[in-house]
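Peer 1: Residue numbers (this note's numbering), protein chains in the order written: chain B, 1 to 113; chain V, 1 to 114.
My questions will all concern the structure given below.
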Amino acid sequence: GGIITQTPKFLIGQEGQKLTLKCQQNFNHDTMYWYRQDSGKGLRLIYYSITENDLQKGDLSEGYDASREKKSSFSLTVTSAQKNEMAVFLCASSIGLGGDTQYFGPGTRLLVL
Amino acid sequence: GDSVIQMQGQVTLSENDFLFINCTYSTTGYPTLFWYVQYSGEGPQLLLQVTTANNKGSSRGFEATYDKGTTSFHLQKTSVQEIDSAVYYCAMRDPSSGSWQLIFGSGTQLTVMP
């Protein structure tokens, strides 16, 4: 088995601030994902990466950057936090794209004051 | 475009009640359908999936049947327990429409009272 670790668990930021969320996986999976989870809206894909140094935009990429410098890690940056924003960011990984099961981390909870 | 609809935002039941959570989907192709469960403080985890139309998937007492005629994938359990309290997400993937992405419904919060 493996595990996905997300840091920090909670993140409080100020309006306009650049904020970085980190994700590590020890499954040795090639593909990693960042999703945003809002109450009543399900999960929406922000970025994904099919291998080290690869980045692909999802449906919700505007306002975010991502970085995949190692196979095991995938970072997400909120480029300018929006006032009163509140969401959970979920990292996931899978062996590849397509039919493989995605495994999720516990999430980072963001609150912007 | 592709979509997954869960109309029930919240469901509250008592232990041993029957569970039924609606899910309908919209796509032009032949999707694989999923149910994910998310317990408090954790990430979603796969509960069950079905690839072929008219087949049933089951796991931990939960069942869902892929009904292509009604484009539905409702989740059922005969007798829920307090430990089943969680958020349940219906999802689909339809590579035949040119996309590998998982499309999630909005989720259903299940609360089971002791």
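Just so it is clear, CB atoms sit at the ideal spot from N, CA and C, and this is done for glycine as well.
Let me make sure I understand the geometry here. Which of B:Gly40, B:Trp34, B:Asp38 and B:Asn84 has the alpha-carbon closest to that of Tyr47 of chain B?
Peer 2: With distances taken between Cα atoms, Tyr47 of chain B lies closest to B:Trp34.
Peer 1: Does chain V have any CB closer than 8 Å to the CB of Leu97 of chain B?
Peer 2: With 8 Å as the cut-off, Leu97 of chain B counts as an interface residue toward chain V.
Peer 1: Leaving out five residues before and five after Tyr51 of chain V in sequence, what residues of the same chain have Cβ atoms less than 6 Å from its Cβ?
Peer 2: Note on identity: in this sequence residue 51 of chain V is Thr, with Tyr being the wrong assignment. Thr32.
Peer 1: Distance check for Ala53 of chain V and Asp94 of chain V, CA to CA, integer angstroms please.
Peer 2: One C-alpha to the other measures close to 13 Å.
Peer 1: Let me make sure I understand the geometry here. Which of B:Leu60, B:Asn84 and B:Lys83 has the alpha-carbon closest to that of Leu76 of chain B?
Peer 2: Nearest of B:Leu60, B:Asn84 and B:Lys83 to Leu76 of chain B, Cα basis: B:Leu60.
Peer 1: Between the stretch 31 to 55 of chain B and chain V, which residues of the former have CB atoms less than 7 Å from a CB of the latter, in chain order?
Peer 2: Against chain V - using a Cβ distance shorter than 7 Å - the residues of the stretch 31 to 55 of chain B are Gly40, Lys41, Gly42, Leu43 and Leu45.
Peer 1: For a contact meaning CB atoms closer than 8 Å, what does Ile90 of chain B contact in chain V?
Peer 2: Strictly speaking, residue 90 of chain B in this sequence is Leu, with Ile absent from that position. Within 8 Å Cβ-Cβ: Gly43 and Pro44.
Peer 1: Is there contact here, the stretch 21 to 29 of chain B with the stretch 80 to 95 of chain V, by at least three beta-carbon pairs under 8 Å?
Peer 2: The answer is no - the stretch 80 to 95 of chain V does not touch the stretch 21 to 29 of chain B, with fewer than three Cβ pairs under 8 Å.
Peer 1: Can you pull the chain V residues whose beta carbon is under 7 Å from the beta carbon of Gly105 of chain B, in chain order?
Peer 2: The answer, in chain order, is Gly43.
Peer 1: Between the stretch 44 to 75 of chain V and chain B, which residues of the former have a C-beta closer than 9 Å to a C-beta of the latter?
Peer 2: Within the stretch 44 to 75 of chain V, the qualifying residues are Pro44, Gln45, Leu46, Gln49 and Thr51.
Peer 1: Using beta carbons (cut-off 8 Å, strictly below), is Tyr89 of chain V in contact with chain B?
Peer 2: It does: the Cβ of Tyr89 of chain V has a partner Cβ on chain B nearer than 8 Å.
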